[in-house]
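**Q** The listed protein sequences correspond, in order, to chains Y and B. Counted the way numbering that gives the first Met the number 0 counts, the first sequence spans residues 0 to 181. Counted the way numbering that gives the first Met the number 0 counts, the second sequence spans residues 0 to 181. Using N, Cα and C, we set each Cβ at its ideal position, and we do this for glycine too.
2 protein chains.
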Amino acid sequence: MTNVRTLCLAILNFGEASGYEIRKAAHEGRFSHFIAASYGAIYPALAKLEADGLVTSHEERHPGKPPRRVYAITEAGRAAFVRALGEPPGADVLKSEFLLVMLCAEVVDPEHARHLIDERLADYQTRIDQMEEAERNCEHPGSLFVIGFGLAMYRAMRSHLAAHRQDIEAVAGTAGLPQAAE
Amino acid sequence: MTNVRTLCLAILNFGEASGYEIRKAAHEGRFSHFIAASYGAIYPALAKLEADGLVTSHEERHPGKPPRRVYAITEAGRAAFVRALGEPPGADVLKSEFLLVMLCAEVVDPEHARHLIDERLADYQTRIDQMEEAERNCEHPGSLFVIGFGLAMYRAMRSHLAAHRQDIEAVAGTAGLPQAAE
DNA sequence: GTTCACATGTAACAGGTTACATGATTGG
DNA sequence: CCAATCATGTAACCTGTTACATGTGAAC
Numbered sequence: 000m001t002n003v004r005t006l007c008l009a010i011l012n013f014g015e016a017s018g019y020e021i022r023k024a025a026h027e028g029r030f031s032h033f034i035a036a037s038y039g040a041i042y043p044a045l046a047k048l049e050a051d052g053l054v055t056s057h058e059e060r061h062p063g064k065p066p067r068r069v070y071a072i073t074e075a076g077r078a079a080f081v082r083a084l085g086e087p088p089g090a091d092v093l094k095s096e097f098l099l100v101m102l103c104a105e106v107v108d109p110e111h112a113r114h115l116i117d118e119r120l121a122d123y124q125t126r127i128d129q130m131e132e133a134e135r136n137c138e139h140p141g142s143l144f145v146i147g148f149g150l151a152m153y154r155a156m157r158s159h160l161a162a163h164r165q166d167i168e169a170v171a172g173t174a175g176l177p178q179a180a181e
Numbered sequence: 000m001t002n003v004r005t006l007c008l009a010i011l012n013f014g015e016a017s018g019y020e021i022r023k024a025a026h027e028g029r030f031s032h033f034i035a036a037s038y039g040a041i042y043p044a045l046a047k048l049e050a051d052g053l054v055t056s057h058e059e060r061h062p063g064k065p066p067r068r069v070y071a072i073t074e075a076g077r078a079a080f081v082r083a084l085g086e087p088p089g090a091d092v093l094k095s096e097f098l099l100v101m102l103c104a105e106v107v108d109p110e111h112a113r114h115l116i117d118e119r120l121a122d123y124q125t126r127i128d129q130m131e132e133a134e135r136n137c138e139h140p141g142s143l144f145v146i147g148f149g150l151a152m153y154r155a156m157r158s159h160l161a162a163h164r165q166d167i168e169a170v171a172g173t174a175g176l177p178q179a180a181e
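#1: For a cutoff of 9 Å on Cβ pairs, would you count Y:THR55 as touching chain B?
#2: Which runs of the alpha helix (DSSP H) fall wholly inside the region 117-144 of chain Y and span at least 4 residues, in chain order?
#3: List the DSSP bridge partners of Y:LYS94.
#4: Below 8 Å on the Cβ atoms is my contact criterion, and I expect B:MET101 with Y:MET152 to pass it. Report the Cβ-Cβ distance as a whole number of Å.
#5: What span of residues does the beta strand (DSSP E) with Y:ARG60 cover, start to end?
#6: Cβ of B:ALA104 within 9 Å of Cβ of B:ALA161?
#7: Listed from N- to C-terminal order along the chain, which residues in the region 7-34 of chain Y have their beta-carbon within a distance smaller than 9 Å of any beta-carbon of chain B?
#8: What does Y:ALA104 touch in chain B if you count any residue whose Cβ is under 8 Å from its own?
#9: Are the CB atoms of B:PHE30 and B:LEU6 nearer to each other than 9 Å?
#10: Helix, strand or coil: how does DSSP classify Y:ALA35 here?
#11: Tell me whether the beta-carbon of B:GLY18 lies closer than 9 Å to the beta-carbon of B:TYR42.
#12: On the three-pair Cβ rule with 8 Å, is the region 31-39 of chain B touching the region 89-100 of chain Y?
#13: Take B:ILE127 as the anchor and find which of B:LEU115, B:CYS137, B:PRO109 and B:GLY147 has the nearest alpha-carbon.
#14: Report all residues from its chain with a CB closer than 7 Å to the CB of Y:GLU168; omit the five preceding and five following residues, and keep chain order.
#15: Please classify B:GLU181 as buried or exposed, where buried requires at least 16 neighbouring CB atoms within 10 angstroms.
#16: On a CA-only basis, which of B:HIS61, B:ALA44 and B:GLU59 is nearest B:LEU53? Give me that one, please.
And the structure:
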């Protein structure tokens with residue numbers, strides 16, 4: 000597990016979808032906060048999945064829209080998916096360049112640091128708003144749990160950043176930037 | 000930015016280190032919670048960095064220990080590092096297979112779900128304990144901020160999981176597992 | 001007329017990981 | 001003697017991203 004294949008199966012397990020929609024789900028939808036995938040990964044994965052008999056597809060034509068290839072999970076696909084979920088999941092991975100910058104605040108320009116923090120705070124707020132909205136329009140227990148999880152995370156991150164930004168701002172630039180004065 | 004090179008520079012900016020220690024820092028130390036790197040990435044990166052004049056190295060021999068190649072950042076390296084930190088950092092990425100499993104709780108065996116949750120809770124607790132310990136033994140503002148950030152995150156995640164695990168457990172397995180009864 | 005959202009797909013490339021190869025020294 | 005920790009490094013491989021190539025129809 001950990002691959003685009005499993006992600007595709009997971010999304011298709013909620014219902015039919017095209018490659019385009021899968022990518023969207025992984026960028027804006029339910030899945031977007033803890034997993035990602037691009038077209039270049041999704042389309043080949045879908046083709047492979049179909050070759051393996053785990054999904055089927057058919058072309059749909061709606062007048063006024065480009066034709067789309069819609070995929071559906073098969074019984075074999077569902078079984079493979081359940082098997083994949085039964086395996087021990089890998090550890091969560093958080094990759095944050097922002098935290099690396101904060102860690103090294105001494106060598107970053109104070110203005111830049113303030114700017115980054117403002118941006119980050121705005122970004123957290125946007126995500127929180129989106130998730131609150133999603134939470135209201137959702138009945139599915141698994142999704143509600145995951146949204147609530149994300150919400151708890153982002154609220155905690157926002158609070159911490161808002162409460163401790165001055166600690167960073169106080170030390171920003173104190174290491175003497177190469178091109179700065181002094 | 001986003002690469003092992005920058006990570007190496009960041010670690011070396013705190014002081015000299017060998018490849019082995021850098022890898023350790025990225026797995027257990029200050030850096031471990033939001034960044035990662037393996038030997039296969041670190042050693043070549045260090046060699047490249049040295050070829051580019053951003054770090055220097057010398058061999059150290061301590062009796063009773065294998066010789067180690069210790070790297071130190073140069074002025075050029077520091078400048079390159081500061082420049083890298085000045086670039087806009089990429090978005091934070093959270094990858095969580097665990098959340099994917101929770102999202103699809105209906106198709107996972109209830110016992111397996113409970114087990115995973117117990118494990119995860121224990122894992123969060125371990126991380127929290129480690130970070131609290133690290134927080135007590137740390138004076139560096141950037142590190143304190145990052146540790147506090149991680150602490151806030153993991154506490155929020157732990158609380159949410161503890162408070163809402165029954166929502167997941169209630170629906171686990173309700174989709175009728177292929178090999179299960181019924 | 002041009003921009004936007006929809007829609008599919010490929011190929012070159014980047015960036016890593018895993019596993020391997022090797023070896024010293026300490027402690028049980 | 002065996003396991004563990006320290007220590008460095010390479011090569012094969014995998015996985016996914018970026019950028020490209022292509023095209024439709026709607027809305028402004």
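**A** Let me lay it out:
#1: By this cut-off, Y:THR55 is not an interface position.
#2: none
#3: B:VAL92
#4: The Cβ separation is near 13 Å, so there is no contact.
#5: The continuous stretches of beta strand (DSSP E) do not include Y:ARG60, and DSSP gives it neither H nor E.
#6: no
#7: ALA9, ASN12, PHE13, ARG29, PHE30, HIS32, PHE33 and ILE34
#8: PRO140, GLY141 and PHE144
#9: yes
#10: Y:ALA35: coil per DSSP, three-state reduction.
#11: yes
#12: By the Cβ test, the region 31-39 of chain B is in contact with the region 89-100 of chain Y, since at least three Cβ pairs between them sit closer than 8 Å.
#13: B:GLY147
#14: PRO109, ALA112 and ARG113
#15: Note that B:GLU181 scores 36 on pLDDT, short of 50, meaning its location in the model is unreliable and no value can be drawn from it.
#16: The shortest Cα separation from B:LEU53 among B:HIS61, B:ALA44 and B:GLU59 belongs to B:ALA44.
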